[in-house]
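Structure record follows, encoded as structure tokens.
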Amino acid sequence: MNRVAKRANKIPPFIVMDVLEKAHELESQGRSIIHLEIGEPDFPTPECICLGAKEAIEKGETHYTHSLGIIQLREAICEHYHAKYGVRIDPNQVIITSGTSPALFMIFSALLEAGDEIIMSDPHYPCYPNLADFLGAGPVRVRVEEEDGFQLRPDEIKRKIGLKTKAILINSPSNPTGNLLSTERMQEIANLGPLVISDEIYHGLVYGKKEHSILEFTDNAFVLNGFSKFYAMTGWRLGYLIAPPDFIRPMQKIQQNFFISAGSVSQWAGITALTEAHKDVERMKGVYDERRKYMIRRIRELGFGLSVEPEGAFYMFVNAKHLSDSSYDLAFEILENAGVGVSPGIDFGKNGEGYLRFSYANSLENIKEGLDRIDRYLNRRQDEHLVLDKRI
Ligand SMILES: Cc1ncc(COP(=O)(O)O)c(C=O)c1O
3 MNRVAKRANK IPPFIVMDVL EKAHELESQG RSIIHLEIGE PDFPTPECIC
53 LGAKEAIEKG ETHYTHSLGI IQLREAICEH YHAKYGVRID PNQVIITSGT
103 SPALFMIFSA LLEAGDEIIM SDPHYPCYPN LADFLGAGPV RVRVEEEDGF
153 QLRPDEIKRK IGLKTKAILI NSPSNPTGNL LSTERMQEIA NLGPLVISDE
203 IYHGLVYGKK EHSILEFTDN AFVLNGFSKF YAMTGWRLGY LIAPPDFIRP
253 MQKIQQNFFI SAGSVSQWAG ITALTEAHKD VERMKGVYDE RRKYMIRRIR
303 ELGFGLSVEP EGAFYMFVNA KHLSDSSYDL AFEILENAGV GVSPGIDFGK
353 NGEGYLRFSY ANSLENIKEG LDRIDRYLNR RQDEHLVLDK RI
């Protein structure tokens with residue numbers, strides 16, 4: 003008899019963690035590594051948010067909260083969605099979670115029966131299909147293409163909708179591509195029929211354009227969101243979901259059984275984030291945008307393909323097919339020879355093969371140094387290949 007359950011043995015790791023672990027190993031040997039593989043803000047959490055948390059601790063807000071989350075935060079989220087997207091949500095449709103990841107788990111487990119299908123893009127955030135598989139449901143992937151800004155095509159989705167389709171999952175701005183879904187396409191996807199799950203965790207980090215919430219187009223939807231990225235609060239583990247009313251009680255029971263409630267101090271900090279951190283987040287966004295522009299220029303100068311300029315999150319998904327067929331090998335080659343961590347595209351789905359994800363959640367100085375190192379390494383690599391070619 004197996005000691006470890008099959009489902010636990012079967013769930014794939016995040017490959018980027020392999021890169022990160024190798025990077026740490028090299029660092030422990032004294033090598034300097036520039037991290038462009040990371041998916042978390044390099045900024046500290048804004049001071050006003052930390053003060054909000056300190057105040058909560060001083061007031062003794064250190065207990066379990068209501069399983070749906072504290073009402074003041076749920077109301078602040080409704081106000082935020084109203085002010086930003088013009089949509090009216092009832093606080094009773096909001097559940098506060100310990101990060102967006104548990105919110106994803108709660109939605110998938112309340113929605114998907116074994117054998118159900120959920121449609122998503124390829125490439126995608128790695129844990130989407132892993133979680134669906136874990137629950138015995140089938141992820142159905144729709145290829146998205148570089149030339150099209152890696153945007154989902156409603157007609158392609160339509161062709162994949164069948165009797166088993168439970169939902170369509172969208173993520174805009176997207177991890178790993180950093181691209182936005184156009185308003186028209188979002189509207190069309192909302193009208194296709196199945197429930198839409200919209201992961202809006204990168205909302206706020208949009209440069210020049212305006213992002214839309216799925217709730218502007220349909221009520222037949224779930225929203226996933228959280229404080230990790232826009233508010234630089236990854237370690238606080240704070241997120242939320244907005245759901246159709248009939249799903250709230252079932253998900254509340256999941257929360258009660260699995261998580262009890264989100265962290266109390268983090269929830270109070272979340273209120274400060276929504277109500278007082280406006281200037282701080284705008285400042286961070288300005289810095290990301292500066293890095294984004296710099297990185298786009300350098301990435302193209304280095305010969306990587308980037309057909310459409312990424313307009314959101316802090317990632318770009320660049321075509322490296324001219325260098326290798328294996329993004330996994332290439333990521334390790336760049337790490338070991340150039341001392342720069344990047345994420346292999348294959349981590350994000352089969353259609354991500356041949357691409358690398360670069361993150362600009364690092365200082366401009368480090369980004370410059372990282373790209374200079376890659377530049378020098380690629381020149382060296384080309385010279386070596388020329389010598390090899392001549393020998394052959
Ligand atoms: C698309 C997407 N969704 C969800 C998450 C999970 O975020 P958290 O659990 O920190 O809120 C991430 C984290 O990288 C992400 O990129």
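Note that the numbering used here numbers the sequence shown so that position 391 is 393, with each residue one more than the last.
Glycine residues also receive a C-beta, built at the ideal position from the N, C-alpha and C atoms.
The structure presented is a predicted model; accordingly, all values stated were derived computationally and were not measured.
For residue i, the three-state DSSP class (helix, strand or coil)
i	result
V142	strand
R359	strand
N259	helix
L226	strand
G151	coil
D374	helix
D248	helix
Y87	helix
I72	coil
A333	helix
D327	coil
H82	helix
Y233	coil
CA nearest to the CA of residue i, picked from the options
i	options	result
I13	P131, R33 and I336	P131
P93	A105, I79 and P312	I79
N177	P125, R293 and K287	P125
R76	S309, P252, T99 and K61	T99
R9	N222, D135 and L240	D135
S263	L380, I40 and Y66	Y66
Y83	I72, Y209, S215 and G241	S215
L106	N321, L366 and A169	A169
G180	R378, L53, S309 and A340	S309
E29	E386, L217 and V342	V342
P156	F229, I40, S123 and K211	S123
P15	L366, D349 and P246	D349
E371	R145, R239 and I301	I301
L337	N4, H26, M3 and R5	H26
K287	I40, F45 and M3	F45
G307	Y296, S174, A322 and E313	A322
P246	G210, I120, V198 and I298	V198
M19	P128, E355, L194 and R33	P128
G347	G54, A363, D385 and D327	D327
L154	I172, G140, V142 and G228	I172
E57	W270, S103 and D331	W270
Residue i - partner residues in DSSP beta bridges
i	result
H37	G343
E119	G140 and T167
G307	N321
G314	V208
I199	L171 and F224
D124	R145
Burial state of residue i, where buried means 16 or more other Cβ atoms lie within 10 Å
i	result
D201	buried
A7	exposed
A315	buried
I369	buried
R294	buried
G395	Only positions 3 to 394 of the chain appear in this structure, which leaves residue 395 out of reach.
R359	buried
H387	exposed
G272	buried
H324	exposed
N353	buried
H37	buried
G101	buried
Start-to-end residues for the beta strand (DSSP E) that takes in residue i
i	result
V96	V96 to T99
E242	According to the sequence as given, residue 242 is Tyr; it is not Glu. Per DSSP, Y242 belongs to the beta strand (DSSP E) from G241 to I244.
N- and C-terminal bounds of the alpha helix (DSSP H) containing residue i
i	result
S268	S266 to E278
V21	I17 to S30
R187	T185 to A192
F107	T102 to L113
D157	P156 to K162
R9	K8 to K12
D59	Reading off the sequence, residue 59 comes out as Ile, not Asp. Start and end: E49 to E60.
Note to self: Give me the pocket residues for ligand 3, defined as CB within less than 6 angstroms of any heavy atom, sorted by chain position.
What the structure shows: With respect to ligand 3, the structure offers nothing, as its ligand set consists of ligand 1.
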